[in-house]
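**Student:** My structure is below; once you've seen it, I'll send some questions.
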Amino acid sequence: MTMRTPAIILGGTGYVAGELLRLVLGHPRLTLAAIASDSQPGEPVAKAFPHLAAACGGLQYSSIEQVMEMTARLPRSAVLAAAPHGVSHKLLDALLTRAAAAGTKPAVVDISADFRYADLDEYRRVYKHPHGAPARAREFTCAVPEHLDRAPTPHVAHPGCLSTA
């Protein structure tokens, strides 16, 4: 039997978070450890996603602080970031810094646009502002994770809101 990886969803109230939640709940190798919302900690997840109520049961949103603590405790985890562009890089930088200090190594898939460009000059040209976590940019490969045999970096940045998302 394959060990299941705890999965954490960041930015848990939007459309993409709902799709990630649906996928994680049905995934054979992931188990939902938490779904975080900075605006709704303690609220029932089913309130935001009534179509998933039967699968969510009594699941409640965790705070960002709770998931930061969780990733620092879990030796292995998958973090799926559905936070908006411009927010995700701050959350992930803080989460990865805390995990590194604790000696844990979560694998991250960022769905926002924050880590799509390893070239920070290109990032600035496209988004008209400097990157908020420049030291992390080279830790991400922009790709559709399901199509990678093995990523050359520890984390993956999803290429965009298109049919693959």
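Per the numbering used here, the sequence shown starts with residue 267, numbered consecutively.
Note that CB positions come from ideal geometry on N, CA and C, so glycine has one too.
1) State yes or no: is the C-beta of residue 397 within less than 8 Å of the C-beta of residue 403?
2) Can you give me the C-alpha to C-alpha distance between residue 389 and residue 348, rounded to a whole angstrom?
3) Among residues of its own chain, excluding the 5 on either side of residue 431, which ones have a beta-carbon nearer than 8 Å to its beta-carbon?
4) Give the DSSP bridge partners of residue 300, in chain order.
5) On the DSSP letters alone, give me the boundaries of the alpha helix (DSSP H) that residue 355 sits inside.
6) Whose CA, out of 338, 304, 329 and 301, lies closest to the CA of residue 370?
7) When you compare only the Cα positions, how much space is there between residue 351 and residue 273?
8) Any idea which residues DSSP pairs residue 346 with across the strands?
9) To which residues of the same chain is residue 291 closer than 8 Å at the C-beta, ignoring the five residues directly before and after it?
10) Apply the 10 Å Cβ neighbour rule to residue 450 and answer buried if 16 or more other Cβ atoms are within range, or exposed otherwise.
11) In whole angstroms, what is the alpha-carbon distance linking residue 269 and residue 343?
12) Using the rule of at least 16 other Cβ atoms within 10 Å of the residue's Cβ for burial, across every protein chain shown, is residue 305 buried or exposed?
**Tutor:** The structure says:
1) Taking the first residue of the sequence shown as position 1, residue 397 is located at position 131. Taking the first residue of the sequence shown as position 1, residue 403 is located at position 137. Yes, the Cβ-Cβ distance between residue 397 and residue 403 is below 8 Å.
2) Locating residue 389 in the sequence shown gives position 123, where the first residue counts as 1. Locating residue 348 in the sequence shown gives position 82, where the first residue counts as 1. Distance between the alpha carbons of residue 389 and residue 348: 19 Å.
3) Locating residue 431 in the sequence shown gives position 165, counting from the first residue. For residue 431, the predicted structure reports a pLDDT of 49, less than 50, and the residue's modelled location is therefore unreliable. A value from the coordinates is still provided. Same-chain partners within the cutoff: 282, 285, 377 and 424.
4) As a first step, residue 300 is located in the sequence shown; it is residue number 34 there, counting from the start. 274.
5) Looking up residue 355 in the sequence shown gives position 89. It spans 354–368 - the alpha helix (DSSP H) in which residue 355 sits, taken as one unbroken run.
6) For the purposes of this step, residue 370 is taken as the residue at position 104 of the sequence shown. When only C-alpha atoms are compared, the closest one is 338.
7) Working through the sequence shown from its first residue, we reach residue 351 at position 85. Working through the sequence shown from its first residue, we reach residue 273 at position 7. Approximately 21 Å between the Cα atoms of the pair.
8) In the sequence shown, the residue the question calls residue 346 occupies position 80. For residue 346, which the question treats as bridged, DSSP gives the partners 275 and 375.
9) Here residue 291 corresponds to residue number 25 of the sequence shown, with the count starting at 1. Correct list, in chain order: 298, 318, 321 and 322.
10) No information on residue 450 is available, as it lies outside the stretch 267 to 431 that the chain covers here.
11) Taking the first residue of the sequence shown as position 1, residue 269 is located at position 3. Taking the first residue of the sequence shown as position 1, residue 343 is located at position 77. Whole-angstrom Cα-Cα distance: 12 Å.
12) Here residue 305 is taken as the residue at index 39 of the sequence shown, counted from 1. Per the 10 Å Cβ criterion, exposed.
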